[in-house]
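In this note's numbering, each residue carries its 1-based index in the sequence shown increased by 1289.
Working notes, structure below.
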Amino acid sequence: MNAIRTATSKDVPAIVEVTNRAYLAEAACIDGARTDSSDIAAKMRAGDFLLLADAEGALTGSVYAASVRGRGYLGLLAVSPAAQGQGLARVLIHAAEDWCRARQCRYLDLTVINVRHELFPFYRHFGFAPRESVPFPRPDVMKVQLHLVKFTKALYPPEQL
Ligand SMILES: CC(C)(COP(=O)(O)OP(=O)(O)OC[C@H]1O[C@@H](n2cnc3c(N)ncnc32)[C@H](O)[C@@H]1OP(=O)(O)O)[C@@H](O)C(=O)NCCC(=O)NCCS
């Protein structure tokens, strides 16, 4: 049940569905669906989606991993609401870290919208630290004033960096 697999193009609709269902958590501050099939397909050309499924094969979690100018990037972390609180995000985050290490990335970056205060201790728990604020890239869908907080984690101990 906790076996990670790499998505193929056949998984695009299910990734859209599980991601949008999880990101309803941001519906109060961002207008519209979080993603769609063309966004997922474009990301898949640049990186990989790593997936978890239940015993029937239905997706329970998804995360995007990419290497951007030599640094790892983790995005669209999503766990199906019914499967949250069972350690699936831990499995997905570790899979994304392994994916990035395998591609010689020494650091892993992600962004969080500033209003998701509960995610700050969540990502700190996994060793990420906030580094800088950057503008929210889609002002057209903001329901409230937003910016992104960029978090970074070293993927190796300091003596190996
Ligand atoms: C955020 C999200 C991915 C977490 O998924 P999850 O499967 O419920 O998380 P897990 O059960 O794997 O929890 C992982 C760990 O974080 C810890 N944790 C959870 N909330 C925490 C918090 N607020 N502060 C500190 N630690 C926290 C858990 O105790 C657990 O620790 P452990 O593995 O050491 O026991 C999920 O709630 C989700 O999909 N949310 C909607 C989409 C979203 O917000 N994505 C991230 C946007 S940047």
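The beta carbon of each residue, even a glycine, is placed where N, CA and C say it ideally should be.
Cβ distance (whole Å) where residue i is taken to contact residue j below 8 Å
{"i": "CYS1394", "j": "LEU1444", "result": "6 Å"}
{"i": "ALA1296", "j": "PHE1338", "result": "4 Å"}
{"i": "PRO1424", "j": "PHE1409", "result": "Actually they do not touch by this definition, with Cβ atoms about 19 Å apart."}
{"i": "ASP1325", "j": "VAL1305", "result": "6 Å"}
{"i": "ALA1344", "j": "VAL1301", "result": "Actually they are not in contact, since the Cβ atoms of ALA1344 and VAL1301 sit about 22 Å apart, beyond 8 Å."}
Residue i Cβ short of 7 Å to ligand 1 heavy atom set
{"i": "PRO1419", "result": "no"}
{"i": "TYR1312", "result": "yes"}
{"i": "GLY1374", "result": "yes"}
{"i": "GLU1386", "result": "no"}
{"i": "GLU1454", "result": "Outside the displayed range of the chain (1290 to 1450) lies residue 1454, so it cannot be described from this structure."}
{"i": "PHE1425", "result": "no"}
Three-way DSSP call (helix, strand, coil) for residue i in this model
{"i": "PRO1370", "result": "helix"}
{"i": "PRO1447", "result": "helix"}
{"i": "PRO1419", "result": "strand"}
{"i": "LEU1435", "result": "coil"}
{"i": "THR1297", "result": "coil"}
{"i": "VAL1430", "result": "helix"}
{"i": "ARG1360", "result": "strand"}
{"i": "VAL1352", "result": "strand"}
{"i": "THR1324", "result": "coil"}
{"i": "ALA1347", "result": "coil"}
Proximity below 8 Å, CB of residue i to CB of residue j
{"i": "LEU1365", "j": "SER1351", "result": "yes"}
{"i": "LYS1439", "j": "THR1400", "result": "yes"}
{"i": "ASP1387", "j": "GLY1361", "result": "no"}
{"i": "GLY1336", "j": "TYR1353", "result": "yes"}
7 Å CB neighbourhood of residue i in its chain, flanking five on each side removed
{"i": "LEU1377", "result": "LEU1341, THR1349, GLY1350 and VAL1368"}
{"i": "GLY1359", "result": "CYS1394"}
{"i": "ARG1310", "result": "SER1369 and PRO1370"}
Residues of its chain near residue i, where Cβ-Cβ distance is below 8 Å and the 5 sequence neighbours each way are ignored
{"i": "CYS1318", "result": "ILE1402, VAL1404, MET1431, LYS1432, VAL1433 and LEU1435"}
{"i": "VAL1380", "result": "ASN1291, ILE1293, LEU1341 and GLY1350"}
Nonlocal neighbours in the same chain, by C-beta distance under 6 Å from residue i, ignoring five residues either side
{"i": "GLU1448", "result": "none"}
{"i": "LYS1332", "result": "TYR1353"}
{"i": "ILE1382", "result": "PHE1415"}
{"i": "ARG1390", "result": "LEU1444"}
{"i": "GLU1421", "result": "LYS1439"}
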